[in-house]
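Every position in the sequence shown, counted from 1, becomes a number in our numbering once 343 is added.
Reading through the structure tokens given below for one structure.
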Amino acid sequence: MNLPLSPDRLWDRLMEMAKIGPIPGGGSNRPALSKLDGEARALLRRWGEEIGLTVTVDRLGNMALRREGRDPARKPVLVGSHLDTQPSGGKFDGPYGVLSGLEILHALHESGTITEAPIVLVNWTSEEGCRFSPSMIGAAGAMGILSEEAVLNAPAIDDGERYGDALRATGWDGTGDPGALAGAAAYFEAHIEQGPVLEREGYDLGIVTGGFATERALVTVTGETSHAGTTPMEMRRDALLGTAEMMSAAEAILHRIAPEGRMTVCRFMVDPGADGVVPGEVRFSFDYRHPSNETLDRLLSEADAAFAGIAARRNLAVKREPYWTFRAVVFDQGLAVRLREAATRNNARHRDMLSGAGHDAYHASARMPAVMLFIPCHGGVSHHPSESISREWSEKGLRVLADAVIATANSKE
Ligand SMILES: [Zn+2]
């Protein structure tokens with residue numbers, strides 16, 4: 344099919360969207376359910392209405408922009424991602440997936456092409472998780488992984504404002520049933536890789552066949568506050584030295600059992616954190632990720648045993664409380680085949696890969712066949728103003744995504 348896709352229009356829209364919440368260095372700060380998020384939504388709605396899309400918003404704020412197909416009885420094919428950003432976000436994480444989907448619908452509109460099934464462009468609410476935890480909370484509510492009430496009552500990490508109140512303040516609290524999207528025929532999401540592999544290996548695209556199992560926990564190590572000068576070493580219960588040993592042990596376990604996995608401590612809080620005082624309590628976030636559920640479980644049980652041993656030897660208490668857990672995700676093989684065929688037809692050098700990051704597609708895959716397409720990003724940088732992609736990668740991703748989405752919308756059921 345010779346669709347009049349415009350890679351330039353997609354590029355111009357990426358640049359236009361990035362102007363909402365601009366930060367030094369060319370990135371965007373557009374937190375979920377902020378006034379700026381509302382502006383980004385309004386811009387997307389305007390672009391959608393200009394090409395005749397029907398825009399609906401559900402009670403969790405998820406936006407659906409629908410183009411009818413020839414057969415009104417057919418389930419729609421979804422394509423989308425998110426418009427919210429991290430505080431130090433770039434121009435492409437999220438918006439690339441939404442705006443490439445919009446460009447497909449724009450080209451269909453211009454050429455007057457009617458697909459068999461409807462196509463619905465989705466902008467999920469609050470993917471990033473920097474204000475409302477967990478990440479991908481809007482998609483989780485729509486797919487029934489979290490209840491509507493749980494999502495609406497989720498408190499903001501910074502000031503405790505409820506999701507539902509923040510949503511109402513933006514004016515994007517819709518009336519649609521969040522579960523409506525769960526009955527779709529398929530879900531496609533294009534995204535920047537957020538890692539360095541595709542660029543380093545010279546590929547144009549990654550066909551994402553699944554995602555890492557992840558468990559992130561808050562670890563609390565409790566000892567006793569005492570004087571840094573007067574307390575002999577053997578009488579101390581130093582929570583911070585115990586924590587340092589635990590972190591090293593967790594890293595060593597990963598290197599020994601599964602060096603292809605990931606281990607990260609992202610946040611670290613010391614109490615009381617005062618000069619001259621032996622730290623009495625430390626809390627740190629800690630995650631392991633691995634493609635296999637069984638290996639992840641083994642890593643975690645070894646870490647728990649190591650933490651307990653270190654705590655016992657140093658007369659400390661330790662507890663690990665998971666708060667962000669995903670089992671390994673396996674995307675739909677049929678849709679992956681369609682992306683591979685589309686990549687070959689469009690002369691895009693491609694490889695299969697797993698996603699190390701969480702994405703809205705994880706939740707969609709619980710309810711329907713879902714798949715992701717990665718385009719490279721320079722140096723693997725994301726969540727930073729210097730996040731960048733080439734126009735060529737953007738175009739290849741658009742052409743392949745369009746090809747696979749339209750093939751799915753026109754396929755026999
Ligand atoms: Zn993203």
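Even glycine gets a Cβ: it sits at the ideal position worked out from N, Cα and C.
Is the closest heavy atom of ligand 1 to the C-beta of residue i under 7 Å?
i: H425; result: yes
i: H534; result: yes
i: E470; result: yes
i: D380; result: no
i: G604; result: no
i: D355; result: no
i: D436; result: yes
Since residue i is in the beta strand (DSSP E), which residue starts that stretch and which ends it?
i: W515; result: Element bounds for W515: n/a, residue is neither H nor E.
i: R605; result: R605 to T607
i: D630; result: E624 to H633
i: G549; result: L548 to G554
i: A654; result: Careful: A654 lies outside any beta strand (DSSP E), inside the alpha helix (DSSP H) at N636 to R656.
i: H727; result: Here H727 belongs to no beta strand (DSSP E), and DSSP marks it neither H nor E.
i: H706; result: Not the beta strand (DSSP E): H706 falls in the alpha helix (DSSP H), residues D703 to A707.
In terms of residue numbering, what span does the alpha helix (DSSP H) encompassing residue i cover?
i: V494; result: E491 to L495
i: A378; result: Note on residue identity: the sequence assigns Lys, not Ala, to residue 378. Element bounds for K378: K378 to E393.
i: R543; result: V540 to E544
i: V680; result: Q676 to R688
i: L741; result: R734 to N753
i: I480; result: I480 to A485
i: S591; result: A582 to I600
i: L284; result: Summary: the structure shown does not reach residue 284, with the chain confined to residues 344 through 756, and so no result is reported for it.
i: H452; result: P438 to S454
Going by the CB atoms, is the gap between residue j and residue i shorter than 8 Å?
i: P712; j: A529; result: yes
i: G432; j: G370; result: yes
i: T586; j: V564; result: yes
i: E436; j: H721; result: Residue identity differs from the one stated: residue 436 is Asp in this sequence, not Glu. No.
i: L387; j: G364; result: no
i: V743; j: L682; result: yes
i: A533; j: G740; result: yes
i: L464; j: G444; result: yes
i: V714; j: F627; result: no
i: A450; j: A745; result: yes
i: L548; j: A416; result: no
i: G391; j: L376; result: no
Could you pull out every residue in the same chain whose Cβ sits closer than 8 Å to the Cβ of residue i, ignoring the five residues on either side in sequence?
i: I500; result: C473, R474, F475 and S476
i: L697; result: V551, T552, G553, G554, F555 and P634
i: W354; result: R734 and S737
If I'm right that residue i touches residue j with Cβ under 8 Å, what's the distance once you round it to whole angstroms?
i: A747; j: F531; result: 7 Å
i: G623; j: G566; result: 6 Å
i: A527; j: L642; result: About 35 Å separates the two Cβ atoms, so there is no contact after all.
i: T557; j: R632; result: 5 Å
i: L403; j: E491; result: 7 Å
i: T399; j: G484; result: The pair is not a contact, with the Cβ atoms about 15 Å apart (cut-off 8 Å).
Could you pull out every residue in the same chain whose Cβ sits closer than 6 Å to the Cβ of residue i, ignoring the five residues on either side in sequence?
i: N658; result: R580
i: A560; result: F629, R663, E664 and P665
i: V625; result: V564, A582, L583, T586 and V613
Might you give, ordered along the chain, the residues of its own chain that have their beta carbon closer than 7 Å to the beta carbon of residue i, omitting 5 neighbours on each side?
i: G538; result: G699 and G723
i: E588; result: I653
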